[in-house]
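All remarks here apply to the structure that follows.
There are 2 protein chains.
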Amino acid sequence: MSPRKSAVESAATRTRIVERAFDLATSEGLEGVTIGRLAFDLGMSKAGVIGHFGTKEALQLATLDSAVERFRRRVVDRVAGVPAGTRRLARAFGEWVDSMADAEGHAGCFLTSVATEFDGRPGPVRDAVLAALSSWSAYVASELRTAVELGELPVDGDVGQLVFELNGVALAAHQSIQLHHDPEAPARARRAVVRLLGVEVAD
Amino acid sequence: MSPRKSAVESAATRTRIVERAFDLATSEGLEGVTIGRLAFDLGMSKAGVIGHFGTKEALQLATLDSAVERFRRRVVDRVAGVPAGTRRLARAFGEWVDSMADAEGHAGCFLTSVATEFDGRPGPVRDAVLAALSSWSAYVASELRTAVELGELPVDGDVGQLVFELNGVALAAHQSIQLHHDPEAPARARRAVVRLLGVEVAD
DNA sequence: AGCTTAACCTACCGATCGTTCGCTAAATGC
DNA sequence: GCATTTAGCGAACGATCGGTAGGTTAAGCT
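Those sequence lines, one after another, are chains A and B.
Each number in the working numbering comes from the position in the first sequence (counting from 1) with 303 added on.
Each number in the working numbering comes from the position in the second sequence (counting from 1) with 303 added on.
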């Protein structure tokens, strides 16, 4: 039925698997993604699927990597041209929240969901999630310090506290969108970010 | 090995099952709770466990009910004596965050975790989670309106926006505690609530 | 052309999943 | 005291889990 594939097509198959796993995990959770389900959806055998990764955990880590990469491209890269500090940060959170509301490609939702799913299960997946979130927090903190240097934020402010509260806004947006399907969530999140950073956002 | 039980002891067994399921679900997720695991931990047979509920979904709903009841007792009931408005609300969020940080009985964490776990899976469990969170949001909104009437909050404020942001603070606390094990999380959450409600909390 | 590599298949493994069955025996109702 | 109810057990069910073995076939190198 299916002819053998060349090396480059093999990489394409691997990508297809990871992308399907990403979509499935967004609704079913990363642990809920099943080799058999992936195989069925992609029209291939379980062995063909798992052969690309070796173990399910490796597949989960690959899916996570893909999600982190998606997030980077969708959020961080998009605001690289915006002036550093509060403006860049406000735009970044705006992009993040927008990506959650999009039907496809809600990497923010994905990472947030997986973070909650694995927060109580030690192991490589949890470690990878932690690393990704820490990297994001470091990015936010870095921009905040730049904002302080630029005089956009008071020097006596607590950067860690702001990171905490900004993260809370994103989490609230995630829950409002995923659970309540509240169409006002992005606007609410934007308003909260504006209040925290003291900047108006011109999208 | 195990003698037969009377009707009241049967109810006690049911409670034991639900409590164990609650503990397991807090770390493994509600879907990750297994009849076999419950049976093993409680020293009984799988049939004996499932016999009290009929289906796993019914067990999940019972566990959820138990968690909601726990939350009510731990948070809402405890602040019933506090003057209504911002003071009661600040104390309520303080209790919630404290309950997350406690080793035992983190119902806040439980409901938050399950909300994320089932936000993409339609069904009775999702519906029950939604009802519980909606009930909590209604409580918060009600206290906020009382605060406006008392003159503690400006009349032109957006109650829905405040509910959104307060919820975000709790979610941030949950993630900081569960994932980062950050001991500063409760203090950060308290500070954020104070800033949102404009009240000092005297615990 | 010949050889190696590897992508993918079918078929199967042991384990575990939720659930059902028939049974025993204690508690309860009359 | 006798009949009914029911909590819980042991055993088994079909399905599915992640993973493996071995074979087939195409791609790529020499």
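We put the CB at the ideal spot given by N, CA and C, even for glycine.
It should be emphasised that the depicted structure is a prediction, and the values quoted were computed from it without experimental measurement.
Report the neighbours of T449(B) on chain A: residues whose CB is nearer than 8 angstroms to its CB, in chain order.
-> Stepping through the second sequence from its first residue, residue 449(B) is reached at position 146. Within chain A, no residue comes near T449(B); the closest Cβ sits about 22 angstroms away, beyond 8 angstroms.
Please go through the same chain and pick out, in chain order, the residues whose beta-carbon is closer than 6 angstroms to the beta-carbon of F421(B), but skip the five residues on each side of it.
-> In the second sequence, counting from the first residue as 1, residue 421(B) sits at position 118. Here the set comprises V428, R429, V432.
Do you know whose CA, among V400(B), G454(B), T419(B), V458(B), lies nearest D485(B)'s CA?
-> Walking along the second sequence from the start, residue 485(B) turns up at place 182. Cα-wise, what sits closest to D485(B) is V400(B).
Under 7 angstroms Cβ to Cβ from L362(A), same chain only, skipping five residues before and after it: list those, please.
-> The residue given as residue 362(A) occupies position 59 in the first sequence. If we look at L362(A) and ignore the five residues flanking it on each side, its Cβ neighbours are A324, F356.
Please list, in chain order, all residues of the same chain as G335(B) whose beta carbon is under 8 angstroms from its beta carbon, the five residues on each side excluded.
-> Stepping through the second sequence from its first residue, residue 335(B) is reached at position 32. L327, A328, listed in sequence order.
L513(A) vs A441(A) beta-carbon contact at 8 angstroms = Within the shown structure, residues of chain A are numbered from 304 to 506, placing residue 513(A) beyond reach of any answer.
Which residues in chain B sit within 9 angstroms of S330(A), going by Cβ to Cβ distance?
-> Your numbering for residue 330(A) matches position 27 in the first sequence. D422, G423, R424, listed in chain order.
Looking at C-alpha atoms only, which residue of R340(B), V466(B), E455(B), G339(B) is the closest neighbour of F396(B)?
-> Numbered from 1 along the second sequence, position 93 holds the residue referred to as residue 396(B). If we check each option's Cα against that of F396(B), V466(B) comes out closest.
Can you name the start and end residues of the alpha helix (DSSP H) that V443(A) belongs to?
-> On the first sequence, residue 443(A) is found 140 positions in, with the first residue counted as 1. That run of the alpha helix (DSSP H) goes 427-452.
Count the C-beta pairs between the segment 466-475 of chain B and the segment 489-499 of chain B that are closer than 8 angstroms, then say yes if the count reaches three, no if not.
-> yes
What residues from the segment 456-474 of chain B come within 9 angstroms of chain A, judged by C-beta to C-beta, listed N to C?
-> D461, G463, Q464, F467, E468, L469, N470, G471, V472, A473, L474
Based on Cα-Cα distance, which residue from L500(A), T358(A), A404(A), A365(A) lies nearest to Q464(A)?
-> Reading the first sequence from its first residue, position 161 is the one you call residue 464(A). The shortest C-alpha separation from Q464(A) is found at L500(A).
For L482(A), does the three-state DSSP call read helix, strand or coil?
-> Taking the first residue of the first sequence as 1, we reach residue 482(A) at position 179. Looking at L482(A) - three-state DSSP - the assignment turns out to be coil, as it is neither helix nor strand.
Checking contacts by CB at 8 angstroms: is S305(A) closer than that to chain B?
-> The residue given as residue 305(A) occupies position 2 in the first sequence. Reliability fails at S305(A), whose pLDDT of 46 lies under 50, so the model's placement of it is uncertain and no value is given.
Exposed unless 16 or more other CB atoms sit within 10 angstroms - verdict on R424(B) = Reading the second sequence from its first residue, position 121 is the one you call residue 424(B). The residue in question, R424(B), is exposed, as its Cβ has fewer than 16 Cβ neighbours within 10 Å.
The segment 390-409 of chain B: which residues have C-beta closer than 9 angstroms to a C-beta of chain A, in chain order?
-> none
Count the other C-beta atoms from every protein chain shown that fall within 10 angstroms of the C-beta of R390(A), then say buried if there are 16 or more, exposed otherwise.
-> Your numbering for residue 390(A) matches position 87 in the first sequence. Classification of R390(A): buried, given that the 10 Å Cβ count is 16 or more.
Straight-line Cα distance separating I320(B) from F343(B) = Walking along the second sequence from the start, residue 343(B) turns up at place 40. Walking along the second sequence from the start, residue 320(B) turns up at place 17. Their Cα atoms are separated by approximately 11 angstroms.
What's the gap between the Cα of E322(A) and the Cα of V379(A)?
-> Along the first sequence, one-based indexing puts residue 322(A) at 19. Along the first sequence, one-based indexing puts residue 379(A) at 76. E322(A) and V379(A): Cα-Cα distance of roughly 20 angstroms.
CA-to-CA distance, G354(B) to G487(B), given in whole angstroms | Start at 1 with the first residue of the second sequence, and residue 487(B) comes out as number 184. Start at 1 with the first residue of the second sequence, and residue 354(B) comes out as number 51. Reading the sequence as shown, one finds Glu at residue 487(B) and not Gly. Their Cα atoms are separated by approximately 44 angstroms.
Does L367(A) get closer than 8 angstroms to chain B when you measure Cβ to Cβ?
-> For the purposes of this step, residue 367(A) is taken as residue 64 along the first sequence, with counting starting at 1. No - not a single Cβ of chain B is within 8 angstroms of the one on L367(A).
Check whether the Cβ atoms of A418(B) and L436(B) sit closer than 8 angstroms, and answer yes or no.
-> The residue given as residue 418(B) occupies position 115 in the second sequence. The residue given as residue 436(B) occupies position 133 in the second sequence. It is a contact, given that the beta carbons lie within the stated cut-off.
Alpha carbon to alpha carbon, how far is W439(B) from P489(B)? Give it in angstroms, no decimals.
-> For the purposes of this step, residue 489(B) is identified with residue 186 of the second sequence, where counting begins at 1. For the purposes of this step, residue 439(B) is identified with residue 136 of the second sequence, where counting begins at 1. For P489(B) and W439(B), the distance between alpha carbons rounds to 20 angstroms.
Taking D461(B) as the reference, give the member of G454(B), L474(B), L447(B) with the closest Cα.
-> Against the second sequence, residue 461(B) aligns to sequence position 158. Comparing Cα positions, the closest option is L447(B).
Along the alpha helix (DSSP H) that carries A342(A), what are the first and last residues, could you check?
-> Residue mapping note: residue 342(A) aligns to position 39 of the first sequence, counting from 1. Where A342(A) is concerned, the enclosing alpha helix (DSSP H) stretches over 338-345.
How big is the Cα-Cα spacing for A473(B) and R376(B)?
-> One-based indexing of the second sequence puts residue 473(B) at position 170. One-based indexing of the second sequence puts residue 376(B) at position 73. Cα to Cα, the separation comes out at about 18 angstroms.
Can you give the beta carbon distance from A350(A) to M403(A), rounded, assuming they're within the 8 angstroms contact cut?
-> Taking the first sequence and counting its residues from 1, one reaches residue 350(A) at position 47. Taking the first sequence and counting its residues from 1, one reaches residue 403(A) at position 100. Between M403(A) and A350(A) the Cβ distance is about 36 angstroms, and since that is not below 8 angstroms, they are no contact.
Counted within 10 angstroms of its Cβ, other Cβ atoms place S313(A) as buried (16 or more) or exposed = The sequence position of residue 313(A) within the first sequence is 10, counting from 1. It is exposed - the Cβ of S313(A) has fewer than 16 other Cβ atoms within 10 Å.
On the three-state DSSP scale, how would you describe S348(B)?
-> Position 45 of the second sequence, counted from the start, is the residue given in the question as residue 348(B). S348(B) falls in the coil class under three-state DSSP.
Between the Cα of V443(B) and the Cα atoms of D405(B), M347(B), A383(B), S348(B), which residue gives the shortest distance?
-> Counting from 1 along the second sequence, the entry for residue 443(B) is found at position 140. Ranking the options by Cα distance to V443(B), first place goes to A383(B).
Q363(B) touches chain A at which residues, Cβ-Cβ below 9 angstroms?
-> For the purposes of this step, residue 363(B) is taken as the residue at position 60 of the second sequence. Within chain A, no residue comes near Q363(B); the closest Cβ sits about 15 angstroms away, beyond 9 angstroms.
L345(A) at chain B interface by Cβ criterion, 8 angstroms = Working through the first sequence from its first residue, we reach residue 345(A) at position 42. Not an interface residue.
V458(A) classed as buried or exposed, judged by whether at least 16 other C-beta atoms fall within 10 angstroms = Here residue 458(A) refers to the residue found at position 155 when the first sequence is read from its first residue. Its Cβ having fewer than 16 others within 10 Å, V458(A) is exposed.
Would you call L453(B) buried or exposed, if buried means 16 or more other Cβ atoms sit within 10 Å of its Cβ?
-> If you number the second sequence from 1, residue 453(B) lands on position 150. L453(B) comes out exposed.
Smallest Cα separation from T358(A): which of L345(A), G346(A), E372(A), I338(A)?
-> Position 55 of the first sequence, counted from the start, is the residue given in the question as residue 358(A). It is I338(A) whose Cα lies nearest to the Cα of T358(A).
Using a threshold of 8 angstroms, state whether the C-beta atoms of G388(B) and E331(B) are closer than that.
-> On the second sequence, position 85 is the one that residue 388(B) refers to. On the second sequence, position 28 is the one that residue 331(B) refers to. Their beta carbons are not under 8 angstroms apart, which means G388(B) does not touch E331(B) by this criterion.
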